[in-house]
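Going line by line, the protein sequences match chains G and U.
Numbering-wise, the numbering used here puts 1211 at position 19 of the first sequence, and it's gapless, one number per residue.
Numbering-wise, the numbering used here puts 1717 at position 296 of the second sequence, and it's gapless, one number per residue.
Ideal Cβ positions, reconstructed from N, Cα and C, are used throughout, including at glycine.
Because the structure is a prediction, the values reported are computed rather than measured.
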Amino acid sequence: MKADVVVVDTKGLACPMPIVKAKKALDSMETGQIMKVLSTDKGSLNDFQAWVRGTKHELVQHEEKDGVFTFYVKKQ
Amino acid sequence: MMTTVKAMTSGELARYLIDRKPLYILDVRNEDVYGDWRIEGQSIESINIPYFDLLDGVEEAVKQLPSDGPILVVCAKEGSSVFVAEQLAEAGLREVYYLQGGMKEWSEHLEPVKAGDLPDGALYQFVRLGKGCLSYMVVSGGEAAVIDAMRTTGVYEAFAEKLGVTIKHTLDTHLHADHISGGRKLAELTGAAYWLPPKDAGEVTFSYAKLEDGERIAIGATEIGIGALYSPGHTIGSTSFIVNGQYLLTGDILFVASIGRPDLAGQAEDWAGDLRRTLYEGYRGLSEELIVLPAHFGQIDELDENGRVAAKLGDLFRDNPGLHLEDESEFRRAVTENLPQHPNAYQQIRQTNMGRIHPTEEEQREMEIGPNRCAIHDQ
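Below, the structure is given as structure tokens:
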């Protein structure tokens, strides 16, 4: 099993690209792996939560610092 | 095959609503936002499928969409609607549009309609369809006054320029809680006087012209006047205007299908009595022939076939449910209990309108997102 955290940097990208990129990364990951997504898109937070809720994956943690949103998603 | 996705501007969308032309909307924002606030109209049908549910393909959406007629894809800013619209076109749908600038631009769009004639001029209503706000330009003899201006002041400047008239006055019927007033900014830009009721201006940080009961403001060289009528209730300072003895601008006191709420400045109990006196005594003494022009509408079906929101005062005494709460305690309950949710960021909006905080353009836009919710019957 791969243990590395997969980092998806979408800083500077607007909707829908943060989720498009995150989904693409997630599709190529293995169960149990963690994805870390960075985004500067303000709409990200709500959309990310709603998107992950609709999938079987788990939003482990999210935070905002200096205008950058970071999401940790665990692939199920 | 070349795909044919076209942009639809907010102005073009406004014509669909006003002219009641059929349009099918696919709103790709997330479900919470759609549930809270969306584009509505008699000729509009809409469904909501978030764009992130369409990343693996749009087949599900295509199944739910009509195969004929225009389809407009809508999102918050634009990007996701283009993304989805292109896929719909590739899937074979023929007439696919995306909303240029998304809900962000839609929420700011002002559609000017003529509300009525005036000697050597006219009274124009600016319909902010996305938010249900109404503002006005009184034009006569080459001069203009703007009432309850939105913060997108360029629209009024351009309109006045097109008519070849000079904006001499800007007025607010009250200190607004649902949108950021453009009255002061427009006055600064045009050299006009900015009028505000002093009872609503106790905490403001700027100078203004005091709008008091009985004040008459002349527009143009003709006899047109704006008469101020103190009509407290929505706020303690709320003031109505009678324009040329023909039109009654009621601010947020009386709407076409409802009445104002007295709670947005935190004093519902105190102001319920004022509101009742204004509606049931003050307005009762006025001519029933006056055309009521409010500062908001709650439902799109309040627009008439020309896109105008207006009604005769006499008709409202007959039809408006807010004017049929004869029993005082029943009235008090109706305006203080089970009120709709507050407008988004209403306290920051009030602070901004007092000049006490200075949010950026982007922050102001965010604060104004969503419906106005200034009437007691709003959802």
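Q) Whose C-beta lies closer than 8 Å to the C-beta of U:Leu1584 among residues of the same chain, with five residues either side of it excluded? A) As a position in the second sequence, residue 1584 of chain U is number 163, starting the count at 1. Around U:Leu1584, the same chain offers Val1560, Ala1565 as residues with beta carbons nearer than 8 Å, after the five sequence neighbours per side are excluded.
(Q) Taking 7 Å as the threshold (C-beta atoms), are G:Asn1238 and U:Asn1451 in contact? (A) Taking the second sequence and counting its residues from 1, the one referred to as residue 1451 of chain U is at position 30. Taking the first sequence and counting its residues from 1, the one referred to as residue 1238 of chain G is at position 46. Yes.
Q: For G:Ala1217, go through chain U and note every residue whose CB falls closer than 9 Å to its CB, in chain order.
A: Looking up residue 1217 of chain G in the first sequence gives position 25. Residues of chain U with a Cβ closer than 9 Å to the Cβ of G:Ala1217 do not exist; the shortest Cβ-Cβ separation is about 12 Å.
Q. Are U:Phe1752 and U:Leu1744 touching if we call contact CB-CB under 7 Å?
A. Taking the first residue of the second sequence as position 1, residue 1752 of chain U is located at position 331. Taking the first residue of the second sequence as position 1, residue 1744 of chain U is located at position 323. Contact flag unset, no.
(Q) Which residue wins for smallest C-alpha separation from U:Arg1441, given the options U:Asp1722, U:Val1730, U:Thr1699, U:Asp1736? (A) Here residue 1441 of chain U corresponds to residue number 20 of the second sequence, with the count starting at 1. Minimum Cα distance to U:Arg1441 is reached at U:Asp1722.
Q) Taking 7 Å as the CB-CB limit, is G:Pro1210 close to chain U? A) The sequence position of residue 1210 of chain G within the first sequence is 18, counting from 1. Contact with chain U is absent for G:Pro1210, since none of that chain's Cβ atoms lies less than 7 Å from the residue's Cβ.
Q.
Can you look up U:Val1664 in the DSSP assignment and give me helix, strand or coil?
A. Indexing the second sequence from 1 puts residue 1664 of chain U at position 243. Of the three classes helix, strand and coil, the one that applies to U:Val1664 here is strand, per DSSP.
Q. Which residues share a DSSP beta bridge with U:Tyr1545?
A. Position 124 of the second sequence holds residue 1545 of chain U. In the DSSP output, where bridge partners are listed per residue, U:Tyr1545 has U:Lys1535, U:Met1558.
Q.
Within 10 Å of its beta-carbon, does G:Gly1246 have 16 or more other beta-carbons around it, so buried, or fewer, so exposed?
A. Your numbering for residue 1246 of chain G matches position 54 in the first sequence. Answer is exposed; the Cβ neighbour count stays below 16.
Q: Could you name the residues of the region 1215-1249 of chain G whose beta carbon sits closer than 7 Å to any beta carbon of chain U, in the order they occur along the chain?
A: Cβ proximity to chain U below 7 Å picks out Lys1215, Gly1235, Asn1238, Asp1239, Ala1242, Trp1243, Gly1246 from the region 1215-1249 of chain G.
(Q) Going by DSSP in three states, U:Glu1516 sits in which element: helix, strand or coil? (A) Position 95 of the second sequence, counting from 1, holds the residue named residue 1516 of chain U. Coil.
Q | CB contact check: U:Ala1497 to chain G, cutoff 7 Å | A | Within the second sequence, numbered from 1, the residue matching residue 1497 of chain U stands at position 76. U:Ala1497 belongs to the set of residues whose beta carbon lies under 7 Å from a beta carbon in chain G.
Q. Nearest-angstrom Cα distance between U:Gly1432 and G:Ser1220?
A. Working through the second sequence from its first residue, we reach residue 1432 of chain U at position 11. Working through the first sequence from its first residue, we reach residue 1220 of chain G at position 28. Spanning the alpha carbons of U:Gly1432 and G:Ser1220 requires a straight line of approximately 43 Å.
Q: Would you kindly check if the distance between the Cβ of U:Ala1506 and the Cβ of U:Val1494 is under 7 Å?
A: What you label residue 1494 of chain U is simply residue 73 of the second sequence in a count that begins at 1. What you label residue 1506 of chain U is simply residue 85 of the second sequence in a count that begins at 1. With contacts defined as CB atoms closer than 7 Å, U:Val1494 and U:Ala1506 qualify as a contacting pair.
Q: Closer than 9 Å by beta-carbon distance: list the chain G residues that pair up with U:Phe1662, in chain order.
A: If you number the second sequence from 1, residue 1662 of chain U lands on position 241. Neighbours of U:Phe1662 across chain G, judged by C-beta separation under 9 Å, do not exist; the nearest C-beta is about 39 Å away.
Q: Please state whether DSSP places U:Tyr1629 in a helix, a strand or coil.
A: Position 208 of the second sequence, counted from the start, is the residue given in the question as residue 1629 of chain U. DSSP, read as helix, strand or coil, puts U:Tyr1629 in coil.
**Q.** Cut-off 7 Å between Cβ atoms - residues of its own chain near G:Ala1206, not counting five sequence neighbours on either side
**A.** Reading the first sequence from its first residue, position 14 is the one you call residue 1206 of chain G. So the qualifying residues of the chain are Asp1233.
Q.
Give me the subset of the region 1459-1486 of chain U whose CB atoms are less than 7 Å from a CB atom of chain G, sorted by chain position.
A. Listed by position, the residues of the region 1459-1486 of chain U near chain G (Cβ gap below 7 Å) are Pro1471, Tyr1472, Phe1473, Asp1474, Leu1476.
Q) Would DSSP call U:Met1571 helix, strand or coil? A) The residue given as residue 1571 of chain U occupies position 150 in the second sequence. Coil at U:Met1571, not helix or strand.
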